[in-house]
Structure formats: C-alpha cells, structure tokens
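In my numbering, the protein residues as written are 96 to 365. Working notes, structure below.
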Ligand SMILES: [Zn+2]
Ligand SMILES: [Zn+2]
C-alpha cells in the first residue's frame, strides 16, 4: 500500500536477479499503523512474518517479503527520536523464514501539540518537510482517528483547529506521517535494509544450502579480564539457518576475548 517495492526492488534485482512484485488488494493496515504508540521489537518481528505469510493467500509464489517499522522517542531521552526497521523473508518451498533488522537514528519523526489558531504551525510544518513529507493531525484526547491525506498547509491548519476544538484539553497533535510513500527518509532506511536482506540471501547454509544463512543471536557473557566471571558484554555471535537449524558460533569482530573489569559485577562488588 505504501510503495515500498520502490525501495526493495533495486537490491533484489542487482544482488539476486530477482523480481519484486507488489501484492495487490492486501490491506496490511489492519495489522497496525503508525499512531504514536511504539510496539515492542518482538511484536514487529511477529507482524512482519504474518504479513509475509499473507502474500501466499493471493499470489502463487514461493517467496515473500514484508516490512515493518517503528519510530518514536527513546524512553530515556524523550527529545531524541529513533527507529527500527524489520524486514521478513519467507521461502515456503525451502522452509526459510527469518527477519533482518536495521536500527537507525536517521528519522524525522516529530510529535507536537498545539492549541487552535497557533501562529507557529506554518513554520513548524515547514521544518517537518511538509508537503514533501506527510503529516497526521490527531485530536489530543482521542487518538483513534488520525486525519490523513492532508496535502496543503490550509488543510492542515483547518484540521488542527477542528481537532483541537474536539479535544478535552483543546489541543491538537501534529505528527510525522511515517508511511514510506509519504516519508523519503524512511524510504531510504527501507532501501538500506533491502540491501542487507538481499546480501544475506546470497549466503547459503553450509549444511543444507538454503539461502539466508546469517546472524540469529548474540551470546552475552564475555569473561572479565581480571576474575574471569561472565559479564553482560557479547561473548560471540551465532549464525544460523532457519531451514535446517544448523548454527555456528562466530567470534567478536573486534577480536576481544575478555571484558573490561569495569563491566564486571564481581569485581565492582569487591
Ligand atoms: Zn541449513
Ligand atoms: Zn571480574
């Protein structure tokens, strides 16, 4: 629905010689949309895999891709927005099923509240990249019906005034539209993740030769340099195959074999 095939197709064509075709008549918005609530990362993974499976209902293909994204403030740093993109790949014939993820600080996500008639709205709209970038307007006391499809400054201001009037606190919320077709920054992140996914599909499982052999887990517990106790630092990475379950450990990229004693609970306690 959001033209993400424009971001995905080039990588799949160049890396794998594969065609990406958008699925018709599939309303994935029923699975959740951007509303300001930031879902848990494992919920994103689940939704992306469910979306990919939906493809097989209407198309006679072996492979499906679906993507999910989540953007919003970081809990600890309320003024800094961050995001994560998740892309699921399913090959039902080979039994391959995994996700690739990309965390990013590259986002224009913003959420601001205004009273009706606030004179700063046009300036703020401009700073949000409108109209190249889309925005939603939401009634501050009821987030169930965001106003979408706004294309001119006049329409946004009219919607802000109307929604503020309806709200218990007389405020309207202006929030960045994160749907890919209305957000060039997000489209770029989806494009980068597509390259990551396509390249992973080039890696074949050393055991069964299924595509998509790659990172599945980071094991913590790198031993402390002083006492040897396990710490929270990553000890090694695990690559795996979702088709046959074959897995292999891979040492840290930086070559470290021990963790700083500053990170060790035992050493700090003594
Ligand atoms: Zn395998
Ligand atoms: Zn220690």
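All C-beta atoms, glycine included, are put in the ideal place defined by N, C-alpha and C.
- Query: Got a sec? Which residues, its chain only, sit under 8 Å from residue 258 by beta carbon, not counting five neighbours each side?
  - Reply: Against the chain shown, residue 258 aligns to sequence position 163. 232, 233, 234, 235, 242, 267, 268.
- Message: Using 8 Å as the threshold, is the C-beta distance between residue 199 and residue 180 below it?
- Response: Translated into positions along the chain shown, residue 199 becomes position 104. Translated into positions along the chain shown, residue 180 becomes position 85. Yes; because the gap between Cβ atoms is below 8 Å, this pair is in contact.
- Message: For a test of the three-state rule: what should DSSP assign to residue 130, helix, strand or coil?
- Response: For the purposes of this step, residue 130 is taken as residue 35 along the chain shown, with counting starting at 1. With a pLDDT of only 47 at residue 130, under the threshold of 50, the placement of this residue in the model should not be trusted, and no figure is reported.
- Query: Going straight from the alpha carbon of residue 271 to that of residue 158, what length do you get?
  - Reply: The sequence position of residue 271 within the chain shown is 176, counting from 1. The sequence position of residue 158 within the chain shown is 63, counting from 1. When rounded, the distance between both Cα atoms is 32 Å.
- Task: Quick one: using the 10 Å Cβ neighbour count with 16 as the cut-off for buried, is residue 349 buried or exposed?
- Result: Working through the chain shown from its first residue, we reach residue 349 at position 254. Classification for residue 349: exposed.
- Item | Heavy atom of ligand 1 within 7 Å of residue 310 beta-carbon | Indexing the chain shown from 1 puts residue 310 at position 215. Not under cutoff, so the answer is no.
- Message: At a cut-off of 7 Å, would you count residue 364 as near ligand 2, judging by its Cβ distance to the nearest heavy atom?
- Response: Within the chain shown, the letter at position 269 stands for residue 364. No, since every heavy atom of ligand 2 falls outside the 7 Å radius drawn around the Cβ of residue 364.
- Message: Taking the straight line between their C-alpha atoms, what separation do you get for residue 168 and residue 299?
- Response: Position 73 of the chain shown, counted from the start, is the residue given in the question as residue 168. Position 204 of the chain shown, counted from the start, is the residue given in the question as residue 299. Rounded to whole angstroms, residue 168 to residue 299 spans 37 Å at the Cα level.
- Where does residue 200 fall in DSSP's three states? Numbered from its first residue, the chain shown carries residue 200 at position 105. Residue 200: coil per DSSP, three-state reduction.
- Please check the pair residue 308 and residue 334, which I expect to be a contact at CB under 8 Å, by giving their CB distance rounded to whole angstroms. Taking the first residue of the chain shown as 1, we reach residue 308 at position 213. Taking the first residue of the chain shown as 1, we reach residue 334 at position 239. With a Cβ gap of about 6 Å, residue 308 and residue 334 count as contacting.
- Please report how far the alpha carbon of residue 225 lies from the alpha carbon of residue 196, in whole angstroms. For the purposes of this step, residue 225 is identified with residue 130 of the chain shown, where counting begins at 1. For the purposes of this step, residue 196 is identified with residue 101 of the chain shown, where counting begins at 1. Residue 225 and residue 196: Cα-Cα distance of roughly 28 Å.
- Message: Restricting to runs no shorter than 3 residues, where is the beta strand (DSSP E) found entirely within the stretch 288 to 352?
- Response: 309 to 315, 329 to 335, 342 to 346
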